[in-house]
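*Asks:*
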Amino acid sequence: MSEAANPSAASLPVAASADLEPERAADLAHVRGLVNAAIPPGYVESMQGKMIVWSIPLERYPTTYNKQPLQLAALAAQKNYSALYLTGLYLSAERTRRFEQAFAAAGKKLNMGKSCVRFRSAAELDEAAVRDAIASLPVDDCISEYEASRRP
Numbered sequence: 115m116s117e118a119a120n121p122s123a124a125s126l127p128v129a130a131s132a133d134l135e136p137e138r139a140a141d142l143a144h145v146r147g148l149v150n151a152a153i154p155p156g157y158v159e160s161m162q163g164k165m166i167v168w169s170i171p172l173e174r175y176p177t178t179y180n181k182q183p184l185q186l187a188a189l190a191a192q193k194n195y196s197a198l199y200l201t202g203l204y205l206s207a208e209r210t211r212r213f214e215q216a217f218a219a220a221g222k223k224l225n226m227g228k229s230c231v232r233f234r235s236a237a238e239l240d241e242a243a244v245r246d247a248i249a250s251l252p253v254d255d256c257i258s259e260y261e262a263s264r265r266p
């Protein structure tokens, strides 16, 4: 979603990076731009605490297990690193495998936790892999995969 489509979006990186060194704030802004350029229509960008979140609004899909919007991705500055949470990867083992392989093919070291990619600098990320991970899950597909992953 562009800043023009969401007037409050211009203030998002300010809130998320208020206490950061300029280099880390710039990295956060760069990765935010990368996500915004790749994200399919229908997701909204918002803040949860100091974390930038991209999710499906409850108006579009209200039946989540925790009554919160279904999240595709999030971006946060932690104490010693930044983290890009790509929860959409965990809906598909194949998508996760492709993401890991793309990092390896690009010669980048993937520092991946349970639901996040940790980085100290945006240069550590494989931008093509991040763009693909974000762009590969349109809203309807995200909802379908989420529902398929839930236990009956």
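The numbering used here runs 114 ahead of the 1-based position in the sequence shown.
The beta carbon of each residue, even a glycine, is placed where N, CA and C say it ideally should be.
Can you check which of these residues, Ala-207, Val-158, Glu-208, Ala-236, is closest to Ala-140 by C-alpha distance?
*Replies:* Ala-236
*Asks:* Classify Arg-146: buried if its beta carbon has 16 or more other beta carbons within 10 angstroms, exposed otherwise.
*Replies:* A residue is called buried when at least 16 other Cβ atoms come within 10 angstroms of its Cβ; Arg-146 meets this threshold and is buried.
*Asks:* Buried or exposed for Ser-269, going by 16 or more other Cβ atoms inside 10 Å?
*Replies:* Past the boundaries of the shown model lies residue 269; the chain is included only from 115 to 266, so the question cannot be answered.
*Asks:* Please go through the same chain and pick out, in chain order, the residues whose beta-carbon is closer than 6 Å to the beta-carbon of Leu-239, but skip the five residues on each side of it.
*Replies:* Phe-233
*Asks:* I'd like to know if the stretch 170 to 182 and the stretch 212 to 229 are in contact, where contact means that at least 3 CB-CB pairs between them fall below 8 Å.
*Replies:* no
*Asks:* Report the CB separation of Ala-187 from Val-149 in whole angstroms; it is logged as a contact under 8 Å.
*Replies:* 6 Å
*Asks:* If distances are taken between C-alpha atoms only, which option among Ala-151, His-144, Pro-155 comes closest to Pro-291?
*Replies:* Limits of the chain in this structure are 115 at one end and 266 at the other, which puts residue 291 out of reach.
*Asks:* Determine, using beta carbons only, whether Ala-152 and Arg-245 come nearer to each other than 8 Å.
*Replies:* yes
*Asks:* Consult DSSP for Ile-170 and reduce its assignment to one of helix, strand or coil.
*Replies:* strand
*Asks:* According to the Cβ coordinates, are Ala-191 and Leu-142 closer than 8 Å?
*Replies:* With respect to the 8 Å criterion, Ala-191 and Leu-142 are classified as neighbours on the basis of their beta carbons.
*Asks:* Could you check if Gly-202 is buried or exposed, using at least 16 other CB atoms within 10 Å of its CB as the buried criterion?
*Replies:* It is buried - the Cβ of Gly-202 has at least 16 other Cβ atoms within 10 Å.
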